[in-house]
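**Student:** Here you go, one structure.
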Amino acid sequence: MEYEPGSYQALEIKQYPARSLRETAEGRYWRRFKTPSVVKQFGPVSHIDFCQVYPYNFAVTAATRVVVYNGHSRQVGRTFGRFKDTAYSGSFRSDGKLLVAGGQDGVVK
């Protein structure tokens, strides 16, 4: 068959065998993890503290704020921003009912 303008040659569609899905132990291990949560902070993070009791919240100290996140949903629970300058070491008490942080002015709040 000669090539003519406006004509085409039909090609045979190649068929490949279906790929078998084999579940490996390593694949199951990595599938258990959730996607990471990336939250933009207002400055460099200087300290992260995890509560030792349920609901296992965690406090992130960054710049002039201490932000408490829910341990399960990773959503912002509470923000403490009453520092005039840099906040330092937001930490939970061992029973998880008190959060303290120091400021550059020397006051613990």
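Position 57 (the sequence shown) corresponds to 215 in my numbering; numbering is contiguous.
We treat Cβ as the ideally placed atom computed from N, Cα and C, and that holds for glycine.
Source: prediction; values computed, not measured.
Only counting the same chain, and skipping five residues up and downstream in sequence, which positions put a Cβ closer than 7 Å to that of residue 235?
**Tutor:** In the same chain as residue 235, and ignoring 5 residues on each side of it, the C-beta atoms closer than 7 Å to its own belong to 215, 226, 227 and 228, in chain order.
**Student:** Can you give me the start and stop residues for the alpha helix (DSSP H) that residue 183 sits inside?
**Tutor:** 183-189
**Student:** With a threshold of 16 other CB atoms inside 10 Å of the CB of residue 219, please say whether the residue is buried or exposed.
**Tutor:** buried
**Student:** Quick one: Cα of residue 224 to Cα of residue 259, how far?
**Tutor:** 8 Å
**Student:** Below 7 Å CB to CB, which residues in the same chain sit around residue 252 once its five sequence neighbours on both sides are set aside?
**Tutor:** Cβ neighbours of residue 252 beyond the five flanking positions: 210.
**Student:** Evaluate residue 248 with the Cβ neighbour count: other Cβ atoms within 10 Å of its Cβ, from every protein chain shown; 16 or more gives buried, anything less gives exposed.
**Tutor:** buried
**Student:** Beta-carbon separation of residue 207 and residue 217 under 8 Å?
**Tutor:** Closer than 8 Å, so yes.
**Student:** Identify whether residue 351 lies in helix, strand or coil by the three-state DSSP scheme.
**Tutor:** Outside the shown range of the chain (159 to 267) lies residue 351, about which nothing can therefore be said.
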